[in-house]
Amino acid sequence: MLKYVNVNIDGAIIHAIKGTSVLDTAIEYGICIPHLCHVPYLSDLGACRLCIVEHMVNGHSNVTTSCTLNVEEGMVIMTNTDKIRKLRRNLAELLVAQAPNSRAIQDIALRCGVREVRYPFRNEDCVLCGRCVRVCTEVWKARAIGFVGRGKNRHVDYPFGVRPEFCKQCGSCIQLCPMTITPCDGPMKPGEERLCGQCESQLMIADQTPGSCVWCKLGEGFGCGRYV
Amino acid sequence: MSRLNSFRELEHLREGLRERLEKYTTTVMLCGGPGCHAARSQAVIDAIRKELSAQRLTSEVRLLVTGCHGFCEEGPLMVIEPGNLFYHRISPDDAFEIVSQTLVKGKVIERLLYTDPISCKKIQTEAEIPFYRLQDRELLSQNRRVDSCSIEDYIAAGGYTALAKVLQSIAPLEAIKEIKASGLRGRGGGGFPTGRKWGECQEAPSDEKYVICNADEGDPGAYMDRGVLEGNPHLVLEGMMIGAWAVGARKGYVYVRHEYPIAVKHTRIAVEQAREFGLLGNNILGSSFSFDVDIARGGGAFVCGESTALMASVEGKVGEPRPKDVHTVVDGLYHKPTTLNNVETWANIPGIILNGSSWFASKGTQGSKGTKILALTGRIKNTGLVEVVMGTPIRTVVFDIGGGAVNGKQIKAVQIGGPSGGCLPVDKFDLPIDFDILSEAGSMVGSGGMVVMDEESCMIDVTKYFLTFLQDESCGKCLPCRVGVDRMLEIITDITEGRGKPEQLDLLEELADTVSQTALCGLGKTAPNPVLTTLRYFRPEYEAHINEKKCPAGVCKALITYWIDPDKCTGCKVCLQVCTYGAITGRKKQVHVIDTQLCQKCGICRSECKFDAIRVI
Chain P
58 MLKYVNVNID GAIIHAIKGT SVLDTAIEYG ICIPHLCHVP YLSDLGACRL
108 CIVEHMVNGH SNVTTSCTLN VEEGMVIMTN TDKIRKLRRN LAELLVAQAP
158 NSRAIQDIAL RCGVREVRYP FRNEDCVLCG RCVRVCTEVW KARAIGFVGR
208 GKNRHVDYPF GVRPEFCKQC GSCIQLCPMT ITPCDGPMKP GEERLCGQCE
258 SQLMIADQTP GSCVWCKLGE GFGCGRYV
Chain G
39 MSRLNSFREL EHLREGLRER LEKYTTTVML CGGPGCHAAR SQAVIDAIRK
89 ELSAQRLTSE VRLLVTGCHG FCEEGPLMVI EPGNLFYHRI SPDDAFEIVS
139 QTLVKGKVIE RLLYTDPISC KKIQTEAEIP FYRLQDRELL SQNRRVDSCS
189 IEDYIAAGGY TALAKVLQSI APLEAIKEIK ASGLRGRGGG GFPTGRKWGE
239 CQEAPSDEKY VICNADEGDP GAYMDRGVLE GNPHLVLEGM MIGAWAVGAR
289 KGYVYVRHEY PIAVKHTRIA VEQAREFGLL GNNILGSSFS FDVDIARGGG
339 AFVCGESTAL MASVEGKVGE PRPKDVHTVV DGLYHKPTTL NNVETWANIP
389 GIILNGSSWF ASKGTQGSKG TKILALTGRI KNTGLVEVVM GTPIRTVVFD
439 IGGGAVNGKQ IKAVQIGGPS GGCLPVDKFD LPIDFDILSE AGSMVGSGGM
489 VVMDEESCMI DVTKYFLTFL QDESCGKCLP CRVGVDRMLE IITDITEGRG
539 KPEQLDLLEE LADTVSQTAL CGLGKTAPNP VLTTLRYFRP EYEAHINEKK
589 CPAGVCKALI TYWIDPDKCT GCKVCLQVCT YGAITGRKKQ VHVIDTQLCQ
639 KCGICRSECK FDAIRVI
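Chains as they are written, first to last, in our numbering: chain P, 58 to 285; chain G, 39 to 655.
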């Protein structure tokens, strides 16, 4: 039998299933917490840090990722404070400066309020969200790809760089990859990267009701958990 | 040696060992710690041993090869008891003289005595040396009393008394209460109250619990855990046993980095000896307590010093941290409650149990009790391991114990707590070594590494060094640490290479703040500390780099030029000969000139010039 707990998210008391994460609960109840590396049917890594929230413990606020935080009775969570919005925007700015050539990342940067990028663009192909690694490991139990290296050298690769037999080329990794769809204007050449910002109209409703999910088209772009 | 099956057998053994040691008239304590080892102490040890047997003194003189004494700058070190005679910088050639003069005739060899740098007088005893006099060497002094590889020595010196006391008369909850009352806080970096950690772990319901000793010390320039674990591994083991008894664990791990081969070896020997003596295993000393320890070796990842990454590494997984919304005292190693403490924390436990919590709490400040070992390194006269009472001002440590800067330079800053700590300027040197006060100042006690910098260190360059280290050592799992630190490094590199813009400082500050709040683990959260503290205390230096394109300390190569002062140059041609790039031209007895196009700014000419004619502008 399912057990329920009461959590307070942005002032709303939510009757949530015990064992679920704060992020899943919030999305389920229509509270918007932008996220990238979270996929509802996979384990959570806490890599992109976009889904940060303020967790109030004894009057003290802890900034933590909502995907890795499980709901507990009496929990007080704030998803949309000024502090969180600013931190989230800075993270999204780092992300889009790293990989501007992805519609998902452009969309999420826009959703998180990035209006200018203060770092030189790098045209990288992977943001290490780990969706591919987790779907391969957890859904297909193939473990054909994994993280290799540490720090700046970390990348996703086959074991020893060779495609193993147990990779059946099912394509799940590609399907979940946020980098596979280029921005609407087509691929950006090195040196011509920019912040796309074409879907800004999508934000009009969201701006008036910040923190509520308005089923924006942007969410579809970055594979928001609500669309799955 | 047969197993010890009761407390009485332990006491009996101790008495026997003490009797055996009393037969020796003299004890020669030679330091075999890492600093002295690097100064070839092994050759000295061999020479002395050979000389002792040649002069047939082995039955009267006890040669004790110990762990680190602390005064690494002056190694190899030797202390002769009775008399507390202190010799420094011994070479293997001195062995004959030491044995035949000092040990046989009782004469002091003047040339091996330490000279006080201020009064220029020779000092005979170790206790009188200013470096030692101002310290409170609660843990480090125990290093000197025992042979690191001998459980007999440790037992004879009173070892495992605390364990026997706990097993005989103190219930687990009382032990935790005692530790809580002592006010001991974690020595590894965070400063979390140890008693509270134990209490939470004890309360966590589980059939199995673990204790772990974190000896994965990776901060540049820090080696206090190494000093303790290499010198006195049984002390750490005893602390772990008491901890295991208190929280209800039956299994412990010592996670020691592979780069510390002597520490690995000594810990392994200690564990084997303890098993042999029945101090590890089932029914320790005839009680109901069973406990065993295994050694896990770290592969050299800085991030594995973080508790969750360390536990993943012990489990055989990739050493990456995981979110700690549920603490490791509830969900730790193999998802069981786990108490993880640093080497120094464990080493403090037996003392607290033996002498009582009030003894420990009588030392230190309001929030930080006891003593702390610091690794004093950098541009300072007396480098080495220093142990001071908490609350000692930084000034005392740097100037009185450390002896001030080398070559009469001005000290500018000190980096406390390794790469995650912060740089404090000289006007903050009155701050005490205290967990809370240093964190308020933006730095932290951390593990206790202290790197002293003088006027020739550029703070931006220092920050760049630490960021490069952190970027290399980041596990790469979360975005703020992997990309954020990289971007900070990018901005700092821009500044040091003369491409800095004023608005980059605000961006740097904002980014540092973002990383410190959003990173996944403790290492990521503290990674921006070098940037934040240098921005706070050395902003004019940043501004000089950006606005005037000048490096005040003369370090950042893109912003400096070497110039020969015509008034001082004598035309000796030395600089001309040492310059490998052919950038200096001039004739004999005529003023030389540096071609700035060819000059690679290596600084060799400057260090070779005897007339101080070459300057950095």
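Every residue gets a Cβ at the ideal spot worked out from N, C-alpha and C, and that includes glycine.
- For the region 175 to 188 of chain P, the set of positions with a beta-carbon nearer than 8 Å to some beta-carbon of chain G reads R175, Y176, P177, V184, L185 in chain order.
- Annotation for G:P590: E579, A582 place their beta carbon closer than 7 Å to its own, counting only its chain and skipping 5 residues before and after.
- A direct Cα-Cα distance of roughly 33 Å separates G:A284 from G:V103.
- For G:R234, the closest Cβ of chain P is not nearer than 8 Å.
- With its beta carbon less than 8 Å from one in chain P, G:A339 belongs to the interface.
- Shown here, P:R188 sits in a helix according to DSSP, grouped into three states.
- Taking a beta-carbon distance threshold of 8 Å, P:T266 does not count as an interface residue toward chain G.
- Short of 7 Å from the beta carbon of G:K407, and not among the five residues preceding or following it, lie these beta carbons of its own chain, in chain order: S220, G221, L222, F398, A399, K401, M428.
- DSSP places P:S118 inside the beta strand (DSSP E), whose first and last residues are 117 to 122.
- Between G:A253 and G:V331 the beta-carbon gap is near 12 Å, outside 8 Å, which marks them as no contact.
- In this model, G:G416 and G:G641 are separated by some 20 Å (Cα to Cα).
- Closest by C-alpha distance to P:R179, out of P:L233, P:G170, P:S159, P:F223, is P:S159.
- Three or more beta-carbon pairs drawn from the region 383 to 396 of chain G and the region 188 to 205 of chain G are found closer than 8 Å, and the two stretches are therefore classed as touching.
- Going by DSSP, G:P388 is part of the alpha helix (DSSP H) stretching over 381 to 393.
- Assignment of beta-bridge partners to G:C461 by DSSP yields G:Q453.
- With a contact defined as Cβ atoms closer than 8 Å, G:A385 and G:G277 qualify at about 6 Å.
- In chain G, no part has a C-beta under 8 Å from the C-beta of P:R251; the shortest such distance is about 18 Å.
- Annotation for G:K447: R417, D492, E493, E494 place their beta carbon closer than 8 Å to its own, counting only its chain and skipping 5 residues before and after.
- Any Cβ of chain P closer than 8 Å to the Cβ of G:T531 would place that residue at the interface, and such an atom is absent.
- The Cβ-Cβ distance between G:G486 and G:N567 does not fall below 8 Å.
- Judged by DSSP secondary structure, G:Y248 falls within the beta strand (DSSP E) whose first and last residues are 248 to 253.
- For G:T552, the enclosing alpha helix (DSSP H) starts and ends at 540 to 556.
- In summary, G:D132 is buried, with 16 or more beta-carbon neighbours lying within 10 Å of its beta-carbon over all protein chains present.
- The alpha-carbon separation between G:N420 and G:D465 amounts to approximately 21 Å.
- Taken through DSSP and simplified to helix, strand or coil, G:G405 comes out as coil.
- Ranked by how close their Cα comes to the Cα of P:I262, the residues P:L252, P:I74, P:K225, P:K274 have P:K274 in first place.
- In the structure shown, the three-state DSSP call for P:N137 is coil.
- Judged by beta-carbon spacing, G:G265 lies beyond the 8 Å limit of G:E297, meaning their Cβ atoms are not closer than that value.
- Assignment of G:K88 by DSSP, reduced to helix, strand and coil, places it in the helix class.
- In the DSSP assignment, P:D164 falls within the unbroken alpha helix (DSSP H) covering 160 to 168.
- By the 16-neighbour rule on beta-carbons within 10 angstroms, G:Y261 is buried.
- Here P:H212 is exposed. Its C-beta has fewer than 16 other C-beta atoms within 10 Å.
- Chain P has a Cβ within less than 8 Å of the Cβ of G:R525.
- Taking the C-beta atoms as reference points, G:A596 is found no nearer than 8 Å to G:T556.
- Three or more Cβ pairs drawn from the region 295 to 315 of chain G and the region 238 to 254 of chain G lie within less than 8 Å of each other, which places the two stretches in contact.
- Rounded to the nearest whole angstrom, the C-alpha separation of P:L102 and P:G203 is 13 Å.
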